[in-house]
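> FYI, the numbering for the sequence shown is 398 to 486, going by the numbering used here.
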Amino acid sequence: MDYNKQIKEIEKHFIKNGKTRDDFKIGVEFEHFVVYQDTLKTVSYYEENGVAETLHDLEKLGYKGMYEGEYILGLVKGNKVITLEPGSQ
398 MDYNKQIKEI EKHFIKNGKT RDDFKIGVEF EHFVVYQDTL KTVSYYEENG
448 VAETLHDLEK LGYKGMYEGE YILGLVKGNK VITLEPGSQ
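Structure follows, in structure tokens:
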């Protein structure tokens with residue numbers, strides 16, 4: 398596919414999937430690193446009482462888990478969304 402055709406395909410994608418002005422919303426993103434208070438070492442996703450276990454605990458409080466295979470990578474409850482990035486922040 399030539400360059401101009403690629404640009405047109407990308408443009409069509411954004412036009413098709415874009416939002417109207419009435420659908421605009423403002424959101425806030427916060428990034429947190431979970432650390433041990435005494436050492437400031439980051440808490441692992443995999444360890445006992447780690448990030449994964451914390452997400453599973455929040456599922457018990459009514460959050461719906463978002464999974465990739467067997468791994469929980471996020472939570473949703475109403476308009477609240479929690480997602481992980483590669484560093485578990």
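Yeah, the Cβ is synthetic: ideal placement off N, Cα and C, and Gly gets one too.
Span of the beta strand (DSSP E) holding V473?
Taken as a continuous stretch (DSSP letters only), the beta strand (DSSP E) holding V473 covers Y468 to K474.
> According to DSSP, is K457 part of a helix, a strand, or is it coil?
coil
> Do you know how far the Cα of Y443 is from the Cα of F430?
Between the alpha carbons of F430 and Y443 lies a distance of about 15 angstroms.
> Measure the alpha-carbon distance for F411 versus Q434 and round it to whole angstroms.
44 angstroms
> Would a check of beta-carbon distances place Y442 closer than 8 angstroms to chain D?
Here chain D cannot be found, since the structure has a single protein chain.
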